[in-house]
Structure formats: C-alpha cells, structure tokens
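Participant: Protein chains in written order, with numbering that gives the first Met the number 0: chain A, 0 to 405; chain B, 0 to 515. We treat Cβ as the ideally placed atom computed from N, Cα and C, and that holds for glycine.
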Amino acid sequence: MKQAITGNAGPKVRSDIEVTLELTEAGGIELNLRSKVKTMYGKAIEEQCRTLLAYFGIENARVTVNDSGALPFVIAARIEAAVKALTGTSKSFIPEMISENTYHSVRDRYRFSRLYLPGNNPGMFLNAGLHSPDGVILDLEDSVAPDRKDEARILVRNALRAVDFYGAERMVRINQGQRGLDDLDVVIPHNVHLVLIPKCEDADTVRTIDKRIREIKQREGQTETVFLMPIIESALGVENSRDIATASESVVALAIGLEDYTADLGVQRTKEGKESLYARNRLVVAAKAAGIQPIDSVFSDVGDMEGLLENVLSSKALGFEGMGCIHPRQIAVIRQGFSPSPEEMDKAKKIVIAWRDAQAKGLGVVALGTKMIDPPVVARAEKTITLAVRLGMLPENWMEEETVKN
Amino acid sequence: MKTVENAAGRMVPDEINGKEAVPFKGVGKHRPTGRKYAPLIPSCIDYPEDNNKVISSLREALVLCGLKDGMTISTHHHLRDGDLVSNQIFAIASELGIKDLVWLPSASFPCNDPVIQYLEDGTVNRIEGSMNGPLGMFVSEGKMKGTAVLRSHGGRVQAIQDGEVKIDIAVLAAPAADSFGNAKGTGGPSATGVIGYAKPDYLYAEKVIVVTDNLVDLPCWPMEIEGNYVDCVVVVDKIGIPEKIVSGTTQITKSPDRLLIAELTASFLEKSGLLRNGATMQAGAGGTSLAIAVFVHQMLKKKGWKFRFGFGGSTKYMVDMLEEGQMGAILDAQAFDLDSVKSIEKNLNHIPYPVFNAYNYHSKGNLTTMMDIMILGATEIDTNFNGNVVTHSDGLLLHGIGGWQNCLHARNVIIPVPLFRDRIPVIVDRVTTLCGPGELIDVIITERGIAINPRRQDLLDSVRGKGLPLVTIEELRETAEKICGKPEKAAFDDRVVAAIKWVDGTVIDAVRKVKK
Numbered sequence: 000m001k002q003a004i005t006g007n008a009g010p011k012v013r014s015d016i017e018v019t020l021e022l023t024e025a026g027g028i029e030l031n032l033r034s035k036v037k038t039m040y041g042k043a044i045e046e047q048c049r050t051l052l053a054y055f056g057i058e059n060a061r062v063t064v065n066d067s068g069a070l071p072f073v074i075a076a077r078i079e080a081a082v083k084a085l086t087g088t089s090k091s092f093i094p095e096m097i098s099e100n101t102y103h104s105v106r107d108r109y110r111f112s113r114l115y116l117p118g119n120n121p122g123m124f125l126n127a128g129l130h131s132p133d134g135v136i137l138d139l140e141d142s143v144a145p146d147r148k149d150e151a152r153i154l155v156r157n158a159l160r161a162v163d164f165y166g167a168e169r170m171v172r173i174n175q176g177q178r179g180l181d182d183l184d185v186v187i188p189h190n191v192h193l194v195l196i197p198k199c200e201d202a203d204t205v206r207t208i209d210k211r212i213r214e215i216k217q218r219e220g221q222t223e224t225v226f227l228m229p230i231i232e233s234a235l236g237v238e239n240s241r242d243i244a245t246a247s248e249s250v251v252a253l254a255i256g257l258e259d260y261t262a263d264l265g266v267q268r269t270k271e272g273k274e275s276l277y278a279r280n281r282l283v284v285a286a287k288a289a290g291i292q293p294i295d296s297v298f299s300d301v302g303d304m305e306g307l308l309e310n311v312l313s314s315k316a317l318g319f320e321g322m323g324c325i326h327p328r329q330i331a332v333i334r335q336g337f338s339p340s341p342e343e344m345d346k347a348k349k350i351v352i353a354w355r356d357a358q359a360k361g362l363g364v365v366a367l368g369t370k371m372i373d374p375p376v377v378a379r380a381e382k383t384i385t386l387a388v389r390l391g392m393l394p395e396n397w398m399e400e401e402t403v404k405n
Numbered sequence: 000m001k002t003v004e005n006a007a008g009r010m011v012p013d014e015i016n017g018k019e020a021v022p023f024k025g026v027g028k029h030r031p032t033g034r035k036y037a038p039l040i041p042s043c044i045d046y047p048e049d050n051n052k053v054i055s056s057l058r059e060a061l062v063l064c065g066l067k068d069g070m071t072i073s074t075h076h077h078l079r080d081g082d083l084v085s086n087q088i089f090a091i092a093s094e095l096g097i098k099d100l101v102w103l104p105s106a107s108f109p110c111n112d113p114v115i116q117y118l119e120d121g122t123v124n125r126i127e128g129s130m131n132g133p134l135g136m137f138v139s140e141g142k143m144k145g146t147a148v149l150r151s152h153g154g155r156v157q158a159i160q161d162g163e164v165k166i167d168i169a170v171l172a173a174p175a176a177d178s179f180g181n182a183k184g185t186g187g188p189s190a191t192g193v194i195g196y197a198k199p200d201y202l203y204a205e206k207v208i209v210v211t212d213n214l215v216d217l218p219c220w221p222m223e224i225e226g227n228y229v230d231c232v233v234v235v236d237k238i239g240i241p242e243k244i245v246s247g248t249t250q251i252t253k254s255p256d257r258l259l260i261a262e263l264t265a266s267f268l269e270k271s272g273l274l275r276n277g278a279t280m281q282a283g284a285g286g287t288s289l290a291i292a293v294f295v296h297q298m299l300k301k302k303g304w305k306f307r308f309g310f311g312g313s314t315k316y317m318v319d320m321l322e323e324g325q326m327g328a329i330l331d332a333q334a335f336d337l338d339s340v341k342s343i344e345k346n347l348n349h350i351p352y353p354v355f356n357a358y359n360y361h362s363k364g365n366l367t368t369m370m371d372i373m374i375l376g377a378t379e380i381d382t383n384f385n386g387n388v389v390t391h392s393d394g395l396l397l398h399g400i401g402g403w404q405n406c407l408h409a410r411n412v413i414i415p416v417p418l419f420r421d422r423i424p425v426i427v428d429r430v431t432t433l434c435g436p437g438e439l440i441d442v443i444i445t446e447r448g449i450a451i452n453p454r455r456q457d458l459l460d461s462v463r464g465k466g467l468p469l470v471t472i473e474e475l476r477e478t479a480e481k482i483c484g485k486p487e488k489a490a491f492d493d494r495v496v497a498a499i500k501w502v503d504g505t506v507i508d509a510v511r512k513v514k515k
C-alpha cells in the first residue's frame, strides 16, 4: 500500500506536524491524532484534517498526525502535500490572505539585511519579521532536502498568505532550472516582492524567469513588479555579472554567494576573503554601473558577532549595500554596520552646511578645515545624510536644527 | 467539605486535609491573630555532655526522633536536582512500615520522582510543596491520597510560623556541619553556598536532623543552622551530586525570540526611568531573565550607575555586577550556580539572606516591597493581569510557586513572556489557576507588544511616545488568538487535588483533577 509522509516530528521539532497518509478502499477516514496541544486544539486539528481531506475528495484513508503545535496554515500545507504525493491532484487549498500581507515593496528600498528561512521549517517563520530584517527569504533551494522540495513549496505558499512578516520585503529563493520555474507558478500569485535566482550564470536565466513571472502576473491580474536578485556563485557568473545586472528592468540587486564561488574556484573560503576580492570588486562595479544594489554573501559563524561586524564594515568599504543573514541575531549587527556612524554623520552635516553657505555666497569651491570640498564630496555627504534620515537617525529637518544650534 | 467563592471569584474548599481553610479575602486583607507556634521545650540535660550528636545512620536518627505514622517531615531544596537525601527518608519510612507521612519540602525536583512509589504504597499521604513534572502529573490525575498544598517560599515560612503546619522532624542536608549540629552551605564536596531555606525548619521543628557529607571541627562557622536547635547529626558519603546542585536554568537563552523579549524588557526599563542609579532589582534564573540581567548590566556600565542591592537567587550575572561595581550588595536566598557559591565565600557584600526574613508574611516588614524592578515569569496571564505559574493551559499541575507570589509585592512587577508557546497562548481570557491577583502585576512584555496594567497610569505616562510597542492586554490576547486559534479549556472533575495558598495562608485557588 502506498503511503505518504510529510512534515516533521521529533523531540526538537516545534510548530510543525507530521502527516502519514494511506489511502484505503473503504471504512471512511480513520484519524489517529497525537498532539502536545491536544487539550486545547485536538478537536480543531481533527476537524481541519477531515475538512481538508473531504476538500481533496479523499473518502477512505488512514491518517496519522503527530503534531508539535503546528498552526493551521502548516497543517493545511502538510495535508495537501501528502494528498498530492499520493493522488497527484492539481487542486490546491489556498488559505486566507491576512490583511497584514498586502503591502508592497519599492525598487530602491534598503536591503541591508535579508534573513534566510529554510522553506520547510515553519517554526522559524512566525517571529522572523519581529527581528526587523529588511527582507525575509523563504528558501526553497539549498536549505530544503531534495525529497522535501514539493512539500516546502506548498508550505511557503501558505506562509506567504498566513504569516505576518511585519513589513519585511517578502522574498523567495527559487530552485535552479525547471523546478525553479515551477516554484514561480506556486508562489508568485501570493504577493512575493522579490525572487532570488540562485547560481545565476547568464542573462538568459534572468530573462527566462522574468518572462515566466510576467506570464503568471498577467494570468493572475497582478500589477506590482516582482523584483529580481540574481545570486552570483561561480566564476562564469562573475564574468557575466554586468549582463546579468542589466538583463531586466526588474533586477534591483546583485548578490554574491561565496561558499559556492570559492568551491568553483577550488579554494578555501577565509575570513579575510582575499580569494574573493576580485569577484566582490567586480560585482560591486557591475551593480553600481547598472544602478542596482550590490549585496554581499552571508557570514556563517553565527556565534561571532565581532567578526560579523568587522566583515560588514569591510564589505561596506568595498561598496556593498547589504548582506544575507542566517540567524536573527545578525540583523542588528548588519544594520549597525551599514548605517552611517556618528562620525560619518557629523562630517556629512558639516560638508552639506558648508556647501550650502558657499552657494549662498556665490562661491564655487569651499574649504572645510584644510580640505577642499567639491561637488563629488558633497554628493557623497548628501548620500550619507539621506541614508541617516531614512533610517531615522537624523530628523528630516536636521538642517534647521543644526542652524538653530549654531 | 464544601467549596466557597473567594474574593477573587474562585471556588475553593473551606477545608483541606481535614483542617479548616480560610478563603482568599483580597490582597492585604487577612491578619491572623494570636501567638506564633512554638515547638515543645527541650532541656539540655537530655543531650550528651560532650555535645557529640553524631548518629551512625539516618535510619537510626529517624527512629531516635520518634518517626511515626502521620508525621510531617520537612526538607530544604538547596541540593536541587542533585538531592540524595530526601528520597532516603521515605525509603526508610517505607521499610519501617510507617504510613501517611506529610512531606513539606521547600521545593521538589525531578530527582524526587521516586517519592511517587511511597505515595503509592501509602508511606506518604501527600506533599505540601512544589510539584514538578511526573509528581505534578501524579497529583493532577488524582492519584495522591491527600490534597496537595502549594505555598510560596514565603507562604511556607508563614504556615510554619503561625502553626498552620507543624513540622515533626526536619531533615536538613548540610554541605558542612560539626558534631554539635552547627551547619552552613559553604565548603565540602556538595557546597550550595547558602542553606537559608532551612531556617524555619530548624527553628520550628520538634526534632532536627542535620545530614552532612562534610563533618568539620567545631565550630562550623559562620553557621546558618545553630547546633542548639539540632537533635542529631548524620554523616553520609554524599548528600548531593555537585553538577546537579547547580540549577539547570542558569544559562542565557540562545533563542533569538527570547533574546528579543529580553532586549525589549531592558529597553522598557531604560525608557521608563525604572533603571536609575541606586535602584534595586531581582531577576531570577530563567534564560530570559539572565539575558535581561546582562543587557541591564551593560546599560549600568555605560551610564556609570550602580544598583543599591540585588536580591538572589544569585547567578554569575549578578556576581559580575557585584564584582565589576554595578551592584552594591547581593542579599542571597539561594545560589543558582557555582560562580555564586564561590562568590559567597569570597565577597563580603554577598550576604546570605534567608526568605525567612525576606518573604515572610509574619515578618516585621517585607524585603520585596523595597525592590524597584522585579522580573518574573508565568505560564499564563489573563486580561485582568492575573497570573498563573503552577498549571499549564491543559490543566496539569507542573510547577511550584517558588518565590513568585512574594515577589509580586515589588514596586514594579514586570513579566516578560512569549505571546504563545508553540500553539498555546500565554495571554488568555482567564487563567486556568489563579496564583497572583492582577492588581499586583504591572507590565507584560511580549515579542508582539508591551501591555501596561491600566492601574499604573504613571508607568504608562513614563513610556508613552518613546518608541515602545505599547498595546493593551486585550489586544495581546486577540493577537494570540488570531495566530493560534481559540483554545478550548481543559476539562476537570470536581475533586480538588491541590490547594493554592496566598502569601497570607488563605486559599486563592484550587487545582482539580483533570478529566481523561
């Protein structure tokens, strides 16, 4: 007899459910429920399981559910995945889109930190947005075991509708190749803001994905742009980075993935990163030339916050404007690193004010201390100020306040 | 026995284990009168002239102290999950064919689960103290013969002092003792730092047995138990397992979600102005509390401020504050980790301070009302800010009260909790078991918002417009329910399996047998 097992159970598993489904010839639905929240939610879980099975037209089955406090959107995803595995049904059970999930993104929003969430691990979804990352990445690619890809896709779809990510940009990393295109069919209709393209090596890949997204959007009547962030993870990708950056209007950032890149080069990845310096420089230049954001690789030692900050600062010095995170505790450090320091802000304020005063007096060049200030210096200072204002580190009317102070 | 509605609207028995019980009347409404209880008058002529009270075995000592059916035996919990003494008492009693004992521990731990067999064979009638894990389950399923009585640490002292509970034999494990019975918590292979929980026991018990694995020359100094109150000293190989004496909870949480709650709590303390130079604080030993202590320590350092004193349960993180100059003194009821045990030995301003003095309703003053910042936990909080710490939402009795009720009397009671655990909401419409009235609970801090008790308009005013996520408690409950779904209530039989005492000895709630 064929049997499908979806989801996860075990002593360390939380907020998930394991569903074992066997189709039978007769006898109706035989449901066997184990749950650590049985007293409070036993009836609700049983009712949900029965309703879903009826929805998928399953009349006779033996179902064992082993629940570790899964929320309804998880239970629904696990049941659907089990039914799909056995019957191949094209029917889907789409949970309600909560009102909190209808916000949009914009092309030039900051993308300092983006938190990776393994796509088949629902326990990490719920509070992800509370840690205030600029983006959350529901990952269907490397963090999901090959035999769990189908169920992860359904779980991620449900999460996009039912989980509040508290204003973070809603990103999905799809798989490579055909599976990635199929991922798009399932996730795009559910307010995905940005798609990460893994191991991107050429502009055609970007165009194919962009085309597929446009088709889906047209079918669904969606108007918002779904942005793209190709991840460059190979020597070929680095060589083609300019083409990739300009392959589509939808591309808003280029990211680099150093684990795969160093593997491709056949070298060790070090903390200093000498081995990837060329690639990182090249990627930053390609991105800036295309007017998009260059984003650095993740820092994999989640226990080393000092190392992370050092890494962020050197990354910022190279021109990067963001970094991936694999642990919520990295978010604040990354944000701090990419934000202007108090010294940078002070200097920028002085330059902008000195320039303004010089303009008023009709002067083309002005000195601050012993240093000459010319337009590029001012432009850089203005960028710093804009960033500080947008991050809430400076009030919009900072210049009036400064003038009053002086 | 009949049940009556108490002042908190809970149905409680008017009689527990055959003794009259006073229903909760409201906070600060009950004032027992009369004289304190006192044990019988002993005479020194009945004790050996050389004052050597060493008896060869615990069994012999128990027999000598007149162990018999129905007696109340008390122990302290400083050995925590490494306690090798308590279970032996009941094993001996069982061998002797003794029945219906009452065990009065100051707390029990998983290592005490073997007592279940003595509850089953009739040696022990009931436990009056905390019940965790399997012991709690045993009680919740209605398997204990007598009715459990849960008291706070201070409530235990109150009950002993006003005669509600009469201890027949106190069996007090001591990391160091001399042959006269003087004893202390420092030194030896099983050091606990302090043994202050034994204070009411040795002062009020009819008979006192000190059990040690470290007999030192007289005088054992500075003594926490005075030999003049001690009947027998028993020397054994080992009273405890050192690595288990250290509390299992004294590690800072690694959970990013709990750290977020800890950060939010520290931020609340800063923005409300509760954190100031000269304040007093108590935070306990849970992972979130420890993280709060670390964040607060960093803030104090940055500002050059110092806590006047902290009350322990001490931990490494308090000791760090003490040694680095951000805490004037630690008053200590129990040492949670080895750093604290060592600190008591070397730091003069790390002072043993039993709950006998700090938390006791019959004391002339209450230390907790001097605490500015009190960080506590809870299994459930309801929309009236009432708190539960003993049962879970499924109705099972799984924790003791500890010092929780006593600590509610602090100036600012702050409870950092997750909004839900797995799928189980922590903020509910009505707590399963009422342990502390909402009028004493001021602030609930969750990862999804901070709710301030409307009775504390001053606190609300102090943080408004400062960027904190302020919400109402009702909004928290709604958010939890929206995410988790509406939970069903646990179903109970009528039978009362445990009474929950308030700090003054009145009955604030009762736990009933869970329906299977």
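Does any CB atom of chain B fall closer than 7 Å to the CB of A:Arg-113?
Facilitator: Counted from its first residue, the first sequence places residue 113 of chain A at position 114. No - not a single Cβ of chain B is within 7 Å of the one on A:Arg-113.
Participant: Between the alpha carbons of A:Asn-120 and A:Glu-99, how many angstroms are there, rounded?
Facilitator: Reading the first sequence from its first residue, position 121 is the one you call residue 120 of chain A. Reading the first sequence from its first residue, position 100 is the one you call residue 99 of chain A. Taking the straight line joining both Cα atoms gives about 22 Å.
Participant: Quick check for students: name the residue ranges of the alpha helix (DSSP H) that lie wholly in the segment 32-98 of chain A, counting only runs of 4 or more.
Facilitator: Entirely contained in the segment 32-98 of chain A, the alpha helix (DSSP H) runs reaching 4 residues are, in chain order, 37-54, 71-86.
Participant: Can you check which of these residues, B:Trp-501, B:Gly-311, B:Gly-65, B:Ala-497, is closest to B:Ile-15 by C-alpha distance?
Facilitator: Indexing the second sequence from 1 puts residue 15 of chain B at position 16. Comparing Cα positions, the closest option is B:Ala-497.
Participant: Along chain A, which residues have their Cβ under 9 Å away from the Cβ of B:Val-256?
Facilitator: As a working note, residue 256 of chain B is residue 257 in the second sequence. Looking at the sequence itself, residue 256 of chain B is Asp, so the reference to Val does not match. Chain A residues near B:Asp-256: Leu-125, Asn-126, Leu-129, His-130, Pro-327.
Participant: Counting contacts by CB-CB distance shorter than 7 Å, is A:Ser-98 in contact with chain B?
Facilitator: Counted from its first residue, the first sequence places residue 98 of chain A at position 99. It does not: the Cβ of A:Ser-98 has no partner Cβ on chain B nearer than 7 Å.
Participant: Would the segment 111-128 of chain B and the segment 328-348 of chain B be scored as touching if the rule is three or more Cβ pairs under 8 Å?
Facilitator: Not touching, per the Cβ criterion.
Participant: For the segment 459-467 of chain B against the segment 265-273 of chain B, do three or more pairs of beta-carbon atoms, one drawn from each stretch, fall closer than 8 Å, so that the two count as touching?
Facilitator: In short, these stretches touch, since the Cβ pair count reaches three.
Participant: For B:Asp-492, does the count of other Cβ atoms within 10 angstroms reach 16, so buried, or fall short, so exposed?
Facilitator: The residue given as residue 492 of chain B occupies position 493 in the second sequence. Burial call: exposed.
Participant: Could you tell me whether any Cβ in chain A is nearer than 7 Å to the Cβ of B:Ala-489?
Facilitator: Numbered from its first residue, the second sequence carries residue 489 of chain B at position 490. Answer yes: the Cβ-Cβ gap between B:Ala-489 and chain A drops below 7 Å somewhere.
Participant: Run through chain A and tell me which residues come within less than 9 Å of B:Gly-394, C-beta to C-beta.
Facilitator: As a first step, residue 394 of chain B is located in the second sequence; it is residue number 395 there, counting from the start. Residues of chain A passing the Cβ test: Thr-38.
Participant: Out of curiosity, what's the CA-to-CA distance linking B:Val-513 and B:Glu-322?
Facilitator: Locating residue 513 of chain B in the second sequence gives position 514, where the first residue counts as 1. Locating residue 322 of chain B in the second sequence gives position 323, where the first residue counts as 1. Computed Cα separation, rounded: 48 Å.
Participant: Taking the C-alpha atoms as reference points, what is the distance between B:Gly-135 and B:Lys-243?
Facilitator: Residue 135 of chain B sits at position 136 when you count from the first residue of the second sequence. Residue 243 of chain B sits at position 244 when you count from the first residue of the second sequence. Approximately 21 Å, taken between the alpha carbons.
Participant: Under a three-way DSSP split, which group does B:Asp-45 fall into?
Facilitator: For this step, residue 45 of chain B is matched to residue 46 along the second sequence. If DSSP states are grouped into helix, strand and coil, B:Asp-45 belongs with the helices.
Participant: Shorter than 7 Å from the beta carbon of A:Gly-68 to some beta carbon of chain B?
Facilitator: The residue labelled residue 68 of chain A in the question sits at position 69 within the first sequence. Cβ-Cβ to chain B under 7 Å: yes for A:Gly-68.
Participant: Bridge partners of B:Thr-2, per DSSP?
Facilitator: Translated into the one-based positions of the second sequence, residue 2 of chain B becomes position 3. BP columns for B:Thr-2 point to B:Pro-12.
Participant: Name the chain B residues whose beta carbon is nearer than 8 Å to that of A:Ala-8?
Facilitator: Reading the first sequence from its first residue, position 9 is the one you call residue 8 of chain A. Simply none; closest approach about 13 Å.
Participant: Starting from B:Pro-415, follow the beta strand (DSSP E) in both directions and report where the run begins and ends.
Facilitator: Here residue 415 of chain B refers to the residue found at position 416 when the second sequence is read from its first residue. Element bounds for B:Pro-415: 412-415.
Participant: Taking C-beta to C-beta, are A:Leu-30 and A:Val-62 nearer than 7 Å?
Facilitator: The count along the first sequence starts at 1 and reaches residue 30 of chain A at position 31. The count along the first sequence starts at 1 and reaches residue 62 of chain A at position 63. In contact: A:Leu-30 and A:Val-62 (Cβ atoms closer than 7 Å).
Participant: CA-CA distance, A:Pro-145 and B:Thr-279?
Facilitator: Residue mapping note: residue 145 of chain A aligns to position 146 of the first sequence, counting from 1. Residue mapping note: residue 279 of chain B aligns to position 280 of the second sequence, counting from 1. The alpha-carbon atoms of A:Pro-145 and B:Thr-279 are separated by roughly 55 Å.
Participant: Check B:Cys-231 in the structure and name its three-state DSSP category.
Facilitator: On the second sequence, position 232 is the one that residue 231 of chain B refers to. Looking at B:Cys-231 - three-state DSSP - the assignment turns out to be strand.
Participant: Roughly how many angstroms separate the alpha carbons of B:Trp-304 and B:Gln-325, rounded to a whole number?
Facilitator: Sequence index remark: in the second sequence, residue 304 of chain B carries index 305 (1-based). Sequence index remark: in the second sequence, residue 325 of chain B carries index 326 (1-based). Rounded to the nearest angstrom, the two C-alpha atoms are 6 Å apart.
Participant: With a threshold of 7 Å between beta carbons, is A:Ala-161 in contact with chain B?
Facilitator: Sequence index remark: in the first sequence, residue 161 of chain A carries index 162 (1-based). Judged by the 7 Å Cβ criterion, A:Ala-161 is not in contact with chain B.
Participant: Please classify B:Ala-197: does DSSP put it in a helix, a strand, or coil?
Facilitator: Your numbering for residue 197 of chain B matches position 198 in the second sequence. In this structure, B:Ala-197 counts as helix in the three-state DSSP scheme.
Participant: Classify A:Tyr-408: buried if its beta carbon has 16 or more other beta carbons within 10 angstroms, exposed otherwise.
Facilitator: Summary: the structure shown does not reach residue 408 of chain A, with chain A confined to residues 0 through 405, and so no result is reported for it.
Participant: Could you tell me the alpha carbon to alpha carbon distance between B:Met-369 and B:Val-21, rounded to whole angstroms?
Facilitator: In the second sequence, residue 369 of chain B corresponds to position 370, counting from 1. In the second sequence, residue 21 of chain B corresponds to position 22, counting from 1. Computed Cα separation, rounded: 28 Å.
Participant: Per the contact definition of three or more C-beta pairs closer than 8 Å, is the segment 189-205 of chain B in contact with the segment 354-363 of chain B?
Facilitator: At 8 Å Cβ cutoff, the stretches touch.
Participant: Touch check for the segment 421-430 of chain B and the segment 477-490 of chain B: three-plus C-beta pairs under 8 Å?
Facilitator: Cβ pair count under 8 Å is three or more, so yes.
Participant: Taking Cβ to Cβ, would you say A:Ile-333 is nearer than 7 Å to A:Ser-131?
Facilitator: Taking the first sequence and counting its residues from 1, the one referred to as residue 333 of chain A is at position 334. Taking the first sequence and counting its residues from 1, the one referred to as residue 131 of chain A is at position 132. No, the pair does not count as a contact, with Cβ atoms beyond the cut-off.
Participant: Name, please, each residue of chain B whose Cβ falls closer than 7 Å to the Cβ of A:Pro-394.
Facilitator: As a working mapping, residue 394 of chain A is identified with position 395 in the first sequence. Those do not exist, as A:Pro-394 stays about 14 Å from chain B at its closest Cβ, beyond 7 Å.
Participant: On the CB-based measure, 16 or more other CB atoms within 10 Å of its CB, does B:Asn-348 come out buried or exposed?
Facilitator: In the second sequence, the residue the question calls residue 348 of chain B occupies position 349. Exposed is the call here.
Participant: Below 7 Å between beta carbons: does that hold for B:Asp-68 and B:Asp-112?
Facilitator: The sequence position of residue 68 of chain B within the second sequence is 69, counting from 1. The sequence position of residue 112 of chain B within the second sequence is 113, counting from 1. Their beta carbons are not under 7 Å apart, which means B:Asp-68 does not touch B:Asp-112 by this criterion.
Participant: Relative to the C-alpha of A:Lys-382, which candidate in A:Ile-372, A:Lys-348, A:Val-82 has its C-alpha closest?
Facilitator: Along the first sequence, read from residue 1 onward, the residue named residue 382 of chain A stands at position 383. Ranking A:Ile-372, A:Lys-348, A:Val-82 by Cα distance to A:Lys-382 puts A:Lys-348 first.
Participant: Rank A:Val-283, A:Ile-384, A:Val-171 by C-alpha distance to the C-alpha of A:Phe-124 and give the top, closest one.
Facilitator: Walking along the first sequence from the start, residue 124 of chain A turns up at place 125. Closest by alpha carbon: A:Val-171.
Participant: Looking at the C-beta of B:Ile-423, does it have a partner C-beta in chain E at a distance below 7 Å?
Facilitator: Absent here is chain E; the protein component of the structure consists of chains A and B.
Participant: What is the rounded straight-line gap between the Cα of B:Leu-103 and the Cα of B:Gly-132?
Facilitator: Residue numbering aside, residue 103 of chain B sits at position 104 when the second sequence is read from its first letter. Residue numbering aside, residue 132 of chain B sits at position 133 when the second sequence is read from its first letter. Answer to the nearest angstrom: the Cα atoms are 17 Å apart.
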